[in-house]
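The next block holds one structure in the form of structure tokens; read it before the comments.
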Amino acid sequence: MKNITRIALAALVIIPATFLLTAGKPEETQPKNNTAGRVERGKYLVNYGGCHDCHTPLKFGPQGPQPDMSRMLSGHPEDAKLPPPDLKPGPWFAATAGMTAWAGPWGISYAANLTPDKNTGLGIWTEAMFVTALRTGKHMGVGREILPPMPWQNAGQLTDEDLKSVFAYLRTVPAIANHVPTPLGPDGKSLGE
């Protein structure tokens, strides 16, 4: 009987003590700085953020347009030439059927190649350049403006860890050589890389 009483008393002390020591600790919402966790978080953010909607060309199948995953995140296809748009002033814009190029009062913008291809994608970008570009709206963090419809203002509000996770994931996708045209201003002149 004494043993049962001791066990019961011990349980009455240990169980609440364990609960109090572990309760209230927040769940970890950010990945640890391990590569696998960061890449997985980046993949989640790329999918949730709709990056494929503009940066993955569409192909037309029996169900209509669908992402062409053989060109995943490679941007506007270099072989998809556009006729010069009639850029009249006004609150309008037009998009290609593949949703990778847009024309509006700013000129013509093309979805960038986000793959790690060293010549045509993000292959030479550093993590710092990527984060700075999405925080400032400047290409490569220092260049020309990032044009509509890229929502860099929204992406720039992600935490540093989230932006680094997106970059880490983009480094793991297949590199696709696809030289996206340079954007054009309203006058039809190149705005540069």
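Residue 439 is where the sequence shown starts when you use the working numbering, and the numbers rise one by one after that.
Note that the Cβ used here is the ideal one computed from N, Cα and C, for glycine as well.
Since the structure is predicted, the reported quantities are computational estimates derived from the model, not experimental observations.
Check                                                                                                      : Outcome
Beta-carbon proximity of asparagine 557 to histidine 493, cut-off 9 Å                                      : no
Span of the alpha helix (DSSP H), counted from its first residue to its last, around serine 628            : Careful: serine 628 lies outside any alpha helix (DSSP H) and carries neither H nor E.
The region 613-622 / the region 508-517 touching (three or more Cβ pairs under 8 Å)                        : yes
Proximity winner among Ile546, Gly575, Gln595, Val477, relative to tryptophan 530 (alpha-carbon distances) : Ile546
Which listed residue (Tyr548, Gly528, Leu608) has its alpha carbon closest to that of alanine 474          : Leu608
Glutamine 501 (DSSP reduced to helix, strand or coil)                                                      : coil
Selected residue, minimal CA-CA separation from proline 410, among Ile562, Arg573, Asp625                  : In the structure as shown, the chain starts at 439 and stops at 631, and residue 410 therefore has no counterpart that could be examined.
Proximal residues to glutamate 583 (C-beta, below 7 Å), its chain only, five neighbours per side dropped   : Gly575, Lys576
Within 9 Å, strictly: CB atoms of leucine 496 and alanine 535                                              : yes
Collapsed DSSP secondary structure at leucine 601 in the structure displayed                               : helix
Glycine 480 (DSSP reduced to helix, strand or coil)                                                        : helix
Alanine 533 burial status per 10 Å Cβ neighbour count (16 or more: buried)                                 : exposed
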